[in-house]
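One structure is given below, encoded as structure tokens.
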Amino acid sequence: MKIRNQILVFLIPVILLTACGLQPEPVFKDSESPVTIASPAEILQADIDFAKASKERGMKQAFIKFMAKEAVLLRPDRAPITGADAIEYISQIDDSGLLLSWIPEKATVSEDGTLGYTYGMYTAETDADTLIYPYVHIWKKQEGKWKFILETYTQGY
């Protein structure tokens, strides 16, 4: 009898703990789901709006509007330009003879909807030349709006 009681004292907690671990995960309704799967359509639209602003208001104004304060610009043959220096760099550009346009080819966004990237081809037109080259924008959602945190391109396409 004593051995039986000892076995029961041991088995009951083991059975209870095992049963607790076998409980199914709670099922959430859409409105109660703690995670919202983000759509790449939002980030794609942000890049389209960015391109539209560049075409309508000029590259400089478009970049300043869509840049995050901590943005990084990667330019050929120079160190990365970051934050306030990146904003200052863009502000100093004379874009009066430049039309920079693009159409994003692809957008991807993180599951939590806070980061993503777009890429495509830039077309830079001046009176003297037209250049086409690939670009990448990395985006971060800040206060409900997409801002790019990194912009880079490769010349010589």
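Numbering (our numbering), first residue to last: -18 to 138.
For every residue, glycine included, the Cβ atom is placed at its ideal position computed from N, Cα and C.
Going by DSSP, what residue range makes up the beta strand (DSSP E) through residue i?
i, result
"residue 139", "Outside the shown range of the chain (-18 to 138) lies residue 139, about which nothing can therefore be said."
Which one or two residues does DSSP pair with residue i in a beta bridge?
i, result
"residue 129", "48, 120"
"residue 113", "104"
"residue 134", "116"
Given residue i, which residues of its chain have a CB within under 7 Å of its CB, disregarding the five upstream and five downstream residues?
i, result
"residue 129", "47, 48, 49, 52, 118, 119, 120"
"residue 43", "31, 34, 35"
"residue 24", "88, 90, 97, 99, 120, 127"
Within 10 angstroms of the Cβ of residue i, are there 16 or more other Cβ atoms? Answer buried if so, exposed if not.
i, result
"residue 86", "exposed"
"residue 97", "buried"
"residue 20", "exposed"
"residue 74", "exposed"
"residue 72", "exposed"
"residue 65", "exposed"
"residue 28", "buried"
"residue 67", "buried"
Apart from the five residues on each side of it in sequence, which residues of its chain come closer than 6 Å, Cβ to Cβ, to residue i?
i, result
"residue 133", "55, 117"
Locate the alpha helix (DSSP H) running through residue i, then write down its first and last residues.
i, result
"residue 81", "No alpha helix (DSSP H) contains residue 81, which is instead part of the beta strand (DSSP E) from 80 to 90."
"residue 32", "21 to 38"
"residue 60", "Run containing residue 60: none; DSSP gives neither H nor E here."
Please list, in chain order, all residues of the same chain as residue i whose beta carbon is under 8 Å from its beta carbon, the five residues on each side excluded.
i, result
"residue 110", "none"
"residue 100", "85, 86, 87, 115, 116, 117, 118"
"residue 123", "49"
"residue 78", "107, 108"
"residue -9", "Low per-residue confidence applies at residue -9: pLDDT is 48, beneath 50, and the placement is therefore not dependable enough to give any value."
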